[in-house]
Amino acid sequence: MDVSGWMIRSGFSFVDRKNTYERKDAYLLFEDEAKDEERGLWADTCDYNPVQTNRIIPIE
290 MDVSGWMIRS GFSFVDRKNT YERKDAYLLF EDEAKDEERG LWADTCDYNP VQTNRIIPIE
């Protein structure tokens with residue numbers, strides 16, 4: 290079972306758009322489906338807005 294795909298399709302997660310990986314195209318379709326069906330994060334009851342984060346660079 291593809292847990293990541295299930296989470297995205299169910300609206301419990303969103304797609305990592307920064308990195309390249311084998312299932313990215315499928316995950317983007319799953320996310321669109323979740324948005325269209327207003328599931329999870331994409332439902333009207335959830336005012337989730339992804340926040341731009343800064344990369345943490347360790348100091349040596």
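Quick note on the working numbering: the sequence shown kicks off at 290 and runs consecutively. All C-beta atoms in this analysis are idealised placements derived from N, C-alpha and C, irrespective of residue type, glycine included.
### Message
Let's see if you can read the secondary structure: which residues bound the alpha helix (DSSP H) around D321?
### Response
K313 to D325
### Query
From S302 to W331, what does the alpha carbon distance come to, in whole angstroms?
10 Å
### Task
Please work out which residues of its chain come closer than 6 Å, Cβ to Cβ, to M296, disregarding the five sequence neighbours upstream and downstream, and give them in chain order.
S302
### Message
Please return the same chain residues whose Cβ sits closer than 7 Å to the Cβ of E327, not counting the five positions on each side in sequence.
### Response
D333
### Query
What is the DSSP secondary structure of I345, counted as helix, strand or coil?
coil
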